[in-house]
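For the sequence shown, position 47 matches number 46 in numbering that gives the first Met the number 0, and the numbering has no gaps at all.
Worksheet for the structure shown next.
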Amino acid sequence: MKNVIIFAIVAVALIVVFAVPRWKQAQRAKKFDGYFEKQYAALGKTTDEILGHENATNTFTVLGALHWRIGQKAEARGEHSLTDTERRLLAAYWVEAEVNNGGFNQYFFNSTGDNAEVALAGLKEMGAAGAAALLEQAMAVFPGDKPPVDRFKRQEVMQQIAAQSKPVWEKCDSGFYKRKESISDLSLAYAKKKRAEIVLP
0 MKNVIIFAIV AVALIVVFAV PRWKQAQRAK KFDGYFEKQY AALGKTTDEI
50 LGHENATNTF TVLGALHWRI GQKAEARGEH SLTDTERRLL AAYWVEAEVN
100 NGGFNQYFFN STGDNAEVAL AGLKEMGAAG AAALLEQAMA VFPGDKPPVD
150 RFKRQEVMQQ IAAQSKPVWE KCDSGFYKRK ESISDLSLAY AKKKRAEIVL
200 P
């Protein structure tokens, strides 16, 4: 009987430790899904539907819908299901979002930095030469000029190179904030040019 009680206590503890946080995380994800679905539903689900709103809606909303649908595709079918163009659009978006929020240090610290090489290729291909040059300078601080793709390995390296990376990244941050090119406008032009390679839904 004592063993049964101990087993029951352990089972409840495991549920509290593992199931409750996952349930809360799932609830949060549903809430975000609902918010973004409400935000972008009117723009449609296919590439042509979304890009068809370019003249009636601002660039940020059209790109937001496009990024959202590409993200949904990755979630439902796996990242391997994304085309190179879709990967580059998302990766370029995250460079701008992360650097504008917390600089290159934040970009490389977070999981978005996993795709730095893809982002660099995307920025170059869409014609964001200034942003691409700054990302390349920021990446050059890492051994071999390449940040590790694995987030945790990259964070370890970031600790080791902190003294040399800080001034470089601060300079890159400053240049990023001052640049004239619009990654959003270039991303939208790129999406229109490569629309056949953006396969939604």
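Beta carbons: idealized from backbone N, C-alpha and C, even for Gly.
Everything numeric in this text was worked out from a predicted model, so none of it was measured.
I'd like the list of long-range same chain contacts for residue i, defined as Cβ closer than 7 Å, with 5 residues on each side in sequence excluded.
{"i": "Ala190", "result": "Leu50, Leu65, Leu88, Ile197"}
{"i": "Asn100", "result": "none"}
Go to residue i, then tell me how far its alpha helix (DSSP H) extends in each direction, as first and last residue.
{"i": "Leu122", "result": "115-125"}
{"i": "Arg153", "result": "150-159"}
{"i": "Leu203", "result": "Here the chain covers residues 0 to 200 and nothing more, so residue 203 does not appear."}
{"i": "Leu65", "result": "58-76"}
Using a Cβ-Cβ cut-off of 6 Å (strictly less than) and excluding sequence neighbours within five positions of residue i, which residues of its own chain qualify?
{"i": "Ile14", "result": "Confidence is the limiting factor: at Ile14 the pLDDT is only 49, short of 50, which leaves the residue's position unreliable and the question unanswerable from this model."}
{"i": "Ala188", "result": "none"}
{"i": "Arg21", "result": "Bear in mind that the predicted position of Arg21 carries a pLDDT of just 49, short of 50, making it unreliable; the figure below should be weighed with that in mind. Cβ neighbours of Arg21 beyond the five flanking positions: none."}
Output yes or no for whether 8 Å exceeds the beta carbon distance between residue i and residue j.
{"i": "Ala201", "j": "Leu122", "result": "Nothing in the structure corresponds to residue 201, since the chain is present only between 0 and 200."}
{"i": "Tyr92", "j": "Ser186", "result": "yes"}
{"i": "Val148", "j": "Val167", "result": "no"}
{"i": "Gly112", "j": "Arg76", "result": "no"}
{"i": "Phe107", "j": "Pro146", "result": "yes"}
{"i": "Trp67", "j": "Tyr34", "result": "no"}
{"i": "Cys171", "j": "Leu133", "result": "yes"}
{"i": "Val98", "j": "Phe175", "result": "yes"}
Starting from the Cα of residue i, find the closest Cα among the options and give me that residue.
{"i": "Lys192", "options": "Val167, Phe141, Pro200, Glu124", "result": "Glu124"}
{"i": "Phe59", "options": "Ser181, Trp168, Ala195", "result": "Ser181"}
{"i": "Ala195", "options": "Glu48, Ile160, Arg178, Glu36", "result": "Glu48"}
{"i": "Ala161", "options": "Arg178, Pro142, Lys177", "result": "Pro142"}
{"i": "Asp212", "options": "Phe151, Ala41, Glu135", "result": "Residue 212 lies beyond the residue range present for the chain, which begins at 0 and ends at 200; the question has no answer from this structure."}
{"i": "Gly126", "options": "Leu42, Thr45, Lys179", "result": "Lys179"}
{"i": "Lys72", "options": "His52, Asn54, Thr56, Lys44", "result": "Lys44"}
{"i": "Glu169", "options": "Arg150, Gln158, His52, Gln105", "result": "Gln105"}
Round the Cβ separation of residue i and residue j to the nearest angstrom and send it over; I've been treating them as touching at under 8 Å.
{"i": "Ala128", "j": "Phe103", "result": "With a Cβ gap of about 17 Å, Ala128 and Phe103 do not count as contacting."}
If you drop the 5 nearest sequence neighbours on each side, which residues of the same chain put their C-beta closer than 8 Å to that of residue i?
{"i": "Ile69", "result": "Leu81, Glu85, Leu88, Leu89, Ile197, Leu199"}
{"i": "Ser183", "result": "Thr58, Phe59, Leu62, Glu95"}
Is residue i near the ligand PLP, going by C-beta to nearest heavy atom under 7 Å?
{"i": "Glu74", "result": "For the ligand PLP, the structure offers nothing, since it holds no ligand at all."}
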